[in-house]
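I have placed the structure first, in the form of C-alpha cells, so that the comments after it can refer back to it.
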C-alpha cells in the first residue's frame, strides 16, 4: 500500500533506490516453481528494499509486473536462478526457478532486510525525521552476491547513468543467458565471471565501455571467488578486499557493499552530486565536498548510508545551475 501514496518518482528519489511496484492483489502461482513464504514481522516496501538492485527501467535482470511482483534474475554460486517476490498481505511469497533457486529462497529474509536494524537509526535533522517516518518499510537489502553489484557499479564510473545502463543492458543480453522460469517475463542472467573475462575488446567498445572500466571488470572477474568472500566480511575488511583490485576505489566499493552486504555505514565518497545534495539538504550548502558531507553525516556514524538514502528519497536536491554531464558514447566512434 505504501507505493500508492508515495510522492512523484524524481531522479533524486531513483538515485535513493526507490522503484515503483504496482499495487497488486497477489501473484498467480506458476507450475514448477519452488516456493517459500516468510512473515517479516513488520512493514515491508518491496520498491524501497529491492529498488537499489535495479539498473534503469529496462534492466534485463529486473522486472516489476502489474500483479505487484518483483522479479530478479541472479548468477548464484549454484548457478543461474530467477526469483519472484510479492507481498499481498502479511506474508511475503517467493517463487524461484533454476539451479540456484534453493540458494535464493534460503536467503530471502536477508534480501528483504531481515539482517537490517532500522531502530539503530536516530534522526537528528527535521528532514531526516520526516523522511524516516514516511518510509517505515525501508530495509537495507543484503544480496550476498558481490559481483552482481560490482560489475554494473564499475560500468557507472565517470559516465552518466543512462550510458551505464545502456552498456549493462547490451552486455547482459549479448553475453548472459535467458533466465530460468517463465519466458513471458523476458529476464536475463548476467554472464559468469569467466564469460566477463573473455568478452572481446570490440564488444566492450560497441557497448560504450572504455578500456579502463573494461579492464577493471576483467581483473575483478579473474578473482571473483576472492571478491565474493567479501559478502561475509565486516565493512572495513570487505572494503579492503574489493579495493585491492586496481580500478576499484572508495566510490565503487561503497556502492557495491551497500547492496551485497547491506552495509548501513557504507557512505559513498567521490561522487559528483551526492555531497552537494546532502550539504544542501542538511545545511543549505550546495557546494559541499566530501569532507563537509562526512562532517554533516558524523552524527549518524554507523548509519551514514541509511541517512544518505533517506535524504535522496526525500528528493530535496539543489536546483540545477549547470548543464547536465555530456554523454559520450564511444560505441558510435
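In my numbering, the protein residues as written are 5 to 337. Even glycine gets a Cβ: it sits at the ideal position worked out from N, Cα and C.
* **Proximal residues to residue 222 (C-beta, below 6 Å), its chain only, five neighbours per side dropped** => 201
* Asked: According to DSSP, what are the bridge partners of residue 77?
  -> 86
* Asked: So what does DSSP say about residue 65, is it helix, strand or coil?
  -> coil
* To do: Use the C-beta contact count for residue 178: other C-beta atoms within 10 angstroms, 16 or more gives buried, fewer gives exposed.
  => It is exposed - the Cβ of residue 178 has fewer than 16 other Cβ atoms within 10 Å.
* **Where residue 97 falls: helix, strand or coil (DSSP)** => Strand, per DSSP.
* To do: Would you list, in sequence order, the uninterrupted alpha helix (DSSP H) runs of no fewer than 4 residues that lie entirely inside the segment 235-299?
  => 239-247, 254-264 and 278-287
* In three-state terms, what does DSSP make of residue 193? -> strand
* Beta-carbon proximity check, residue 278 vs residue 270, cutoff 8 Å -> Note that the C-beta distance between residue 278 and residue 270 is not below 8 Å.
* 6 Å Cβ shell around residue 181 - same chain, five flanking residues per side excluded -> 193
* **Length at least 3, wholly inside the segment 19-46: the beta strand (DSSP E) runs in chain order** => 38-42
* To do: Going by CA-CA distance only, name the one from 310, 46, 173 and 110 that's closest to residue 58.
  => 173
* Cβ-based burial, residue 5 [other Cβ within 10 Å; buried from 16] -> Confidence at residue 5 is low in this model, with a pLDDT of 36, below 50, so the placement of that residue is unreliable and no value is reported for it.
* Using the C-alpha atoms, what's the distance from residue 121 back to residue 167? -> Their Cα atoms are separated by approximately 35 Å.
* Exposed unless 16 or more other CB atoms sit within 10 angstroms - verdict on residue 195 -> buried
* To do: If I'm right that residue 98 touches residue 87 with Cβ under 8 Å, what's the distance once you round it to whole angstroms?
  => About 6 Å; that satisfies the 8 Å criterion.
* Tell me where the alpha helix (DSSP H) around residue 178 begins and ends. => 165-179
* **Alpha-carbon to alpha-carbon, residue 243 and residue 115** => 20 Å
* Within 10 angstroms of its Cβ, does residue 229 collect 16 or more other Cβ (buried), or is it exposed? -> exposed
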